[in-house]
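Numbered per this note's numbering, the sequence shown spans residues 7 to 122.
All C-beta atoms, glycine included, are put in the ideal place defined by N, C-alpha and C.
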Amino acid sequence: MNKRSLRQTAAYFAAVALMATLIAAPRATAQNADTDEGRVDRGKRTYAENCSHCHGPNMLNSGTITPDLRRFPDDKPRFFTTVKNGKNNKMPPWGDILDDDKIEALWAFVSSQRKP
Numbered sequence: 007m008n009k010r011s012l013r014q015t016a017a018y019f020a021a022v023a024l025m026a027t028l029i030a031a032p033r034a035t036a037q038n039a040d041t042d043e044g045r046v047d048r049g050k051r052t053y054a055e056n057c058s059h060c061h062g063p064n065m066l067n068s069g070t071i072t073p074d075l076r077r078f079p080d081d082k083p084r085f086f087t088t089v090k091n092g093k094n095n096k097m098p099p100w101g102d103i104l105d106d107d108k109i110e111a112l113w114a115f116v117s118s119q120r121k122p
């Protein structure tokens, strides 16, 4: 193999490697959305859009019957049940509005704000 064809081969493999990197980059970005940080961010948006009007912008709405969500127990099944089905005819059910992925993200956000 002469030097010219060796350079062409090397250039070909470099181009293939670059293309593979560029093709994989969007997939890596999509995967990052599923990280804990991505879920917390999605949950924060869901909270702001659907929950903050009753529970307050910081998960505490003094002067109302809503609990301080920063002190919600580390009980994911209870959280899911409460969000989906409502509670004591005071919190409305959100199961028809929020799918499991949004509730999962909401749980990630609420859990990230927990105070002992």
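Handout entry: Residue of I71, F115, L112 minimising C-alpha distance to N95
Key = Ranking I71, F115, L112 by CA distance to the CA of N95 puts I71 first.
Problem - 8 Å CB neighbourhood of V46 in its chain, flanking five on each side removed - result: If we look at V46 and ignore the five residues flanking it on each side, its Cβ neighbours are A111, A114, F115, S118.
Exercise for the section: Return the first residue and the last residue of the alpha helix (DSSP H) that N56 is part of. Expected result: Counting along the chain, the alpha helix (DSSP H) containing N56 begins and ends at 42-56.
Problem - Own chain, CB closer than 6 Å to V89, minus 5 neighbours either side, in chain order - result: Excluding positions up to five away in sequence, the list reads W100, I109.
Handout entry: Three-state class that DSSP yields for K93 in the structure shown
Key = Three-state result, K93: strand.
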